[in-house]
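Notes follow the structure.
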Amino acid sequence: MAIEKEQLKRMYLTMRRIRVFETEVNRLYAETKIFGFGHLYAGEEAIATAVCECLHKDDYITSTHRGHGHVIAKGGDTRKMMAELFARESGYCKGKGGSMHIANLDLGIVGANGIVGAGQPLSVGVALSIQMRKTDQVCVCFFGDGSTNQGTFHESLNLASVWNLPVVFVCENNFYGISVPQRKHQKIKNVSQRAAAYDIPGVTVDGNDVFAVYDAAMEAVERARAGEGPSLVECQTYRHFGHYNGDPAYYRPAEEVAQWMKKDPIPRLAGYMVEHGIATREEIRGFDAQIDQEIADAISYAESQPFAPVENTLVDVYTDIVEEGRNR
Amino acid sequence: MSRMSCSEALGEAMKIRMRQDPRVMIFGEDVADMGGTYGVTRGFLEEFGPERVRDTPISESGFVGAAVGAAATGLRPIAELMMCDFLTVCMDPLVNQAAKMRYMFGGNISVPVVVRMAAGIGSGGAAQHSQSLEAWVTHVPGLKVVYPSNPQDSLGLLLSAIDDDNPVIFFEHKQLYAKKGEVTSFDPIPLGKGRVDREGRDVSIITYAKQVYTAQEAAETLAREGIEAEIIDLRSLYPLDQELIARTVSKTHRAVVITEENRRGGFGGELSAMIAEELFDELDAPVARIGALNTPAPYAPRQEQYYLPNAEDIVNAVRGML
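Residue numbers (this note's numbering), protein chains in the order written: chain A, 1 to 328; chain B, 1 to 322.
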């Protein structure tokens with residue numbers, strides 16, 4: 001399953017798009033231009049990018065609180081994402097969802113999620129829907145190591161296994177459940193060990209190696225597509241920022257952080273591309289400039305967009321009921 | 001026209017829709033081979049096959065969450081919980097997911113799922129198998145809540161629940177499954193429309209589900225004293241038929257609200273507050289609010305009866321108003 005040159009360039013652009021998006025979002029939070037909680041995906045870009053590279057447009061994903069990367073990799077428009085973070089009406093959720101709830105069914109994104117471990121049962125249901133509709137779609141469920149101690153993780157792997165559903169569980173193990181290191185939150189070394197309990201394949205790969213993730217994900221996706229059931233793919237990675245915007249992450253040893261920074265997936269891929277003659281340094285600088293411009297445009301676009309009228313608060317609770325406003 | 005139990009009526013509603021719409025399926029605890037804990041899905045496996053009628057592991061968060069995910073992507077699933085007491089172990093998919101997805105995603109998704117569950121006192125179910133937890137879900141914007149009292153309503157309301165594009169929590173009272181009645185219509189009954197169970201001019205007894213029968217018993221006693229009670233069966237708790245409540249209270253000027261839940265923080269409180277706030281000028285007496293005691297349900301039969309509200313409570317409340 002070799003990756004084509006053009007595909008690799010596209011993947012580089014996606015990773016870079018996520019990185020710059022997140023770096024800018026971090027700045028915008030610091031400047032209080034956007035609000036609420038933001039959980040940044042920087043450092044983990046290779047996973048969303050490589051996994052979504054294995055998917056078709058009509059395949060589904062469920063995401064997490066750290067979802068910007070998944071949305072971008074699945075084809076999300078950075079302008080509409082940024083507009084959502086700026087709480088504007090032209091955002092993906094009309095400004096009602098914010099960072100943790102970006103969804104778009106046209107792109108197969110069944111939503112980021114503010115509840116740790118909530119995506120797994122949803123992904124099982126999405127896969128059930130695929131199985132019932134007898135299409136060749138698959139659903140990828142992204143989640144972190146922290147959620148693998150939730151009951152829903154176990155219930156979902158079990159149900160997906162029993163019903164032989166086309167779902168790929170992708171664990172982004174960044175070694176911390178907020179501040180608690182993996183060694184303190186579970187005794188197993190690899191999350192993928194848990195696959196054995198549900199009699200499904202489980203594999204652990206270097207999540208900062210875009211090729212390793214691609215190979216493992218492609219195998220699992222093809223298996224799901226062929227009706228052979230779910231798999232668990234663990235991708236080991238590291239957050240460049242804290243758990244949320246503004247978390248200095250003092251709980252992580254400086255030496256550990258430094259070690260992981262050396263494994264940054266983006267320079268790794270750039271180095272590979274140069275070394276193998278896929279792109280020159282000059283071309284890569286061009287890619288970077290293109291993305292910088294795209295994200296700058298997304299921010300300008302978002303800032304120029306109107307807010308929705310406050311009465312929009314009352315709609316879309318139900319499909320057929322508009323709630324009552326307050327008499328003032 | 002035919003005579004059937006609530007159990008059969010619920011089954012009939014699901015069969016009607018499953019025959020018409022391949023997107024409708026059912027899964028939950030013991031619904032396939034066993035035909036449901038209360039026999040509601042008896043014969044479903046044979047008629048619709050193992051793809052559309054599935055037993056699940058005892059794994060409520062997992063399968064209720066799966067129902068929500070399936071509903072968001074093209075199916076119209078029905079999930080069955082054996083007891084509403086098990087809401088405690090699947091609240092996240094209902095409250096944080098199903099109820100909020102449409103809203104937080106900006107109206108770009110709908111979640112047509114029905115979650116059915118048995119509720120209320122059975123006999124000797126004790127503290128974890130007897131609860132009436134409707135207030136937990138009526139509190140949550142994004143959920144619709146239905147709780148029928150008879151076979152006709154069970155059938156018509158379940159059809160509407162399946163047809164609804166929003167998540168619907170469908171309560172079924174354990175002691176009503178075997179309750180028989182005439183079913184004259186196989187059409188949907190719209191959610192949000194209550195019905196007058198008995199007409200009267202002196203006092204309105206506003207209730208739903210099993211307590212409709214407690215109200216009927218009280219109304220008989222009151223009638224012997226020359227007091228004509230009107231009984232309102234709300235049928236769905238959200239959307240709520242506020243118009244009907246306004247109409248009956250404006251007619252009788254007295255309201256008794258009776259529910260089977262613990263009185264504290266219950267849906268009965270919501271009804272009472274609504275009447276007091278919006279119909280104050282119509283009232284000749286304060287609203288009376290009757291519910292179960294604020295204790296867990298006890299096991300001992302005599303204590304269980306002591307714990308539950310009864311007709312005498314209603315009669316006493318009404319006497320106090322006149």
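Built from N, CA and C at the ideal position, the CB exists for glycine as well.
Residue i (DSSP reduced to helix, strand or coil)
i, result
"E31(A)", "coil"
"P151(B)", "helix"
"S231(A)", "strand"
"L237(B)", "strand"
"I206(B)", "strand"
"L283(B)", "coil"
"L94(B)", "helix"
"Y299(B)", "coil"
"Q236(A)", "strand"
"V71(A)", "helix"
"I109(B)", "coil"
"R198(B)", "strand"
"T78(A)", "helix"
"D206(A)", "strand"
"G43(A)", "coil"
"R54(B)", "strand"
Where residue i falls, given that 16 or more other Cβ within 10 Å makes a residue buried
i, result
"K210(B)", "buried"
"G226(B)", "exposed"
"A215(B)", "buried"
"T49(A)", "buried"
"A99(B)", "buried"
"D136(A)", "exposed"
"R302(B)", "exposed"
"G390(A)", "Residue coverage of chain A in this structure runs from 1 to 328, which leaves residue 390(A) outside it and unanswerable."
"D92(B)", "buried"
"M261(A)", "exposed"
"N113(A)", "buried"
Closer than 7 Å: residue i CB and nearest the ligand ZN heavy atom
i, result
"M101(B)", "The ligand ZN is not among the ligands present in this structure, which contains no ligands whatsoever."
Alpha-carbon spacing of residue i relative to residue j, whole angstroms
i, j, result
"A298(A)", "A42(A)", "18 Å"
"V140(B)", "P296(B)", "23 Å"
"P267(A)", "A73(A)", "18 Å"
"Q131(B)", "S192(A)", "40 Å"
"N150(B)", "G246(A)", "56 Å"
"G62(B)", "L222(B)", "49 Å"
"Y92(A)", "L40(A)", "18 Å"
"M15(A)", "A103(A)", "20 Å"
"L133(B)", "Y208(B)", "13 Å"
"A216(A)", "L143(B)", "40 Å"
"G192(B)", "A161(B)", "11 Å"
"S204(B)", "N262(B)", "21 Å"
"V111(B)", "C90(B)", "16 Å"
"H173(B)", "I121(B)", "8 Å"
Beta-ladder partner(s) of residue i, from DSSP
i, result
"C6(B)", "C6(B) pairs with nothing; no bridge assigned."
"C139(A)", "Y60(A) and V167(A)"
"K180(B)", "S5(B)"
"H173(B)", "A119(B)"
"P248(A)", "The partner list for P248(A) (beta bridge, DSSP) is empty, contrary to what the question assumes."
"M25(B)", "P77(B)"
"A255(B)", "S204(B)"
"F168(B)", "The question names Phe, yet the displayed sequence has Val at residue 168(B). V114(B) and K144(B), per the DSSP bridge assignment."
"A288(B)", "V256(B)"
Min CB distance residue i to chain B below 8 Å
i, result
"E256(A)", "no"
"I61(A)", "no"
"E192(A)", "The question names Glu, yet the displayed sequence has Ser at residue 192(A). No, S192(A) does not count as interfacial toward chain B."
"N149(A)", "no"
"Y92(A)", "yes"
"L159(A)", "yes"
"G125(A)", "yes"
"E155(A)", "yes"
"Y301(A)", "no"
"T319(A)", "yes"
"V221(A)", "no"
"T152(A)", "yes"
"P309(A)", "no"
"P201(A)", "no"
Closer than 8 Å to chain A by CB, residue i
i, result
"D92(B)", "yes"
"L75(B)", "yes"
"Q20(B)", "no"
"Q305(B)", "no"
"A276(B)", "no"
Proximity test, Cβ basis, 8 Å: residue i and chain D
i, result
"F170(B)", "Protein chains in the displayed structure are A and B, and chain D is not among them."
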